[in-house]
Amino acid sequence: MKQPILLTGFAPFGGESINPSWQAVQQLQGWQPDEETQVQTIELPCVFAQSLEVLQAAIQQLNPVLVIAVGQAGGRTAISLEKVAINYQDARIADNAGNQPLGEPVFAGGATAYFSTLPLKAILQSLRQQGIPAEISYSAGTFVCNHVFYGLMHAVATTPKVRAGFVHIPYLPSQAVRFAGSASMTAELVVAALKQIILLSLQQQQDVILAAGTLD
Ligand code: PCA
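Under my numbering, the sequence shown has 199 at position 40, and the numbering climbs by one with no breaks.
Printed below as a string of structure tokens:
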């Protein structure tokens, strides 16, 4: 039995008919980055609470060594390697079930924030070397993606061997054509990026030292 890597994408939301995260993630079902591990993919509903219930059930069932959740961030120009999950949700739009929490904690009494445990700087360096636009992001927003990211990091906080993190990706070109000047990335490039993110998360124990901060 290979050790599972859990890779999740999201259902479409906000009136879109596709979500690029699931379009890319599902292409990696069964992929074996090395001899010992194999990717298992699931699609999460874009619904507060329910998204985390589905994720937590998959973690319990699979007992993965690595968990990477992926979501759409329309308008972003690069693969966004999320650093911080916050214990706060404030939904600008309703989720797919009509929920719209306004200024509530993800978990009452939980830690204020969690950091990704993926080697983000090493990943950033490697993606750029491969010609894939990438950045480290210091906010995953306050919608369902941050909710899932926070719940994921909370779930694995007591099992330090399990690495976990969140990646936001731009629109697909087919979505971005509606907005003049909006950035996009092909599913092919996103899949190549996700493979690299998985490989480095398995191999790179220590992150590299590199300037990757922002001024604003
Ligand atoms: N993006 C949303 C939720 C689902 C998704 O793909 C977000 O950034 O919160």
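We put the CB at the ideal spot given by N, CA and C, even for glycine.
Taking just the CA atoms, how far does residue j sit from residue i?
i	j	result
C304	V349	18 Å
H327	Q231	6 Å
I245	L279	18 Å
V224	A352	19 Å
P319	G168	23 Å
V307	A339	31 Å
I368	N222	31 Å
E212	D366	31 Å
L240	A314	19 Å
L331	L261	29 Å
V198	K354	10 Å
R251	V243	19 Å
Q182	L214	18 Å
So, residue i versus residue j, is the Cβ gap smaller than 8 Å?
i	j	result
Q362	G233	no
P329	A342	yes
V226	T200	no
E294	A346	no
With a threshold of 16 other CB atoms inside 10 Å of the CB of residue i, please say whether the residue is buried or exposed.
i	result
D375	exposed
L187	buried
V336	exposed
Y297	exposed
D254	buried
F274	exposed
Q364	exposed
T301	buried
G324	buried
A217	buried
F172	buried
V160	What sits at residue 160 in the sequence shown is Met, not Val. Burial call: exposed.
In the DSSP assignment, find the alpha helix (DSSP H) that holds residue i and state where it starts and stops.
i	result
L221	209-221
E202	Counting along the chain, E202 falls outside any alpha helix (DSSP H), though it belongs to the beta strand (DSSP E) covering 196-203.
G310	303-315
R287	279-288
So for residue i, helix, strand or coil by DSSP?
i	result
L225	strand
A183	helix
L359	helix
S176	coil
P332	helix
A351	helix
A323	strand
I232	The question names Ile, but residue 232 in the sequence shown is Ala. A232 falls in the coil class under three-state DSSP.
I need the boundaries of the beta strand (DSSP E) containing residue i, first residue and last residue.
i	result
G262	261-263
F338	Taken as a continuous stretch (DSSP letters only), F338 belongs to no beta strand (DSSP E), as it is neither H nor E.
Q162	162-169
A244	243-245
Y273	272-274
I291	First-last for I291: undefined, no H or E at that position.
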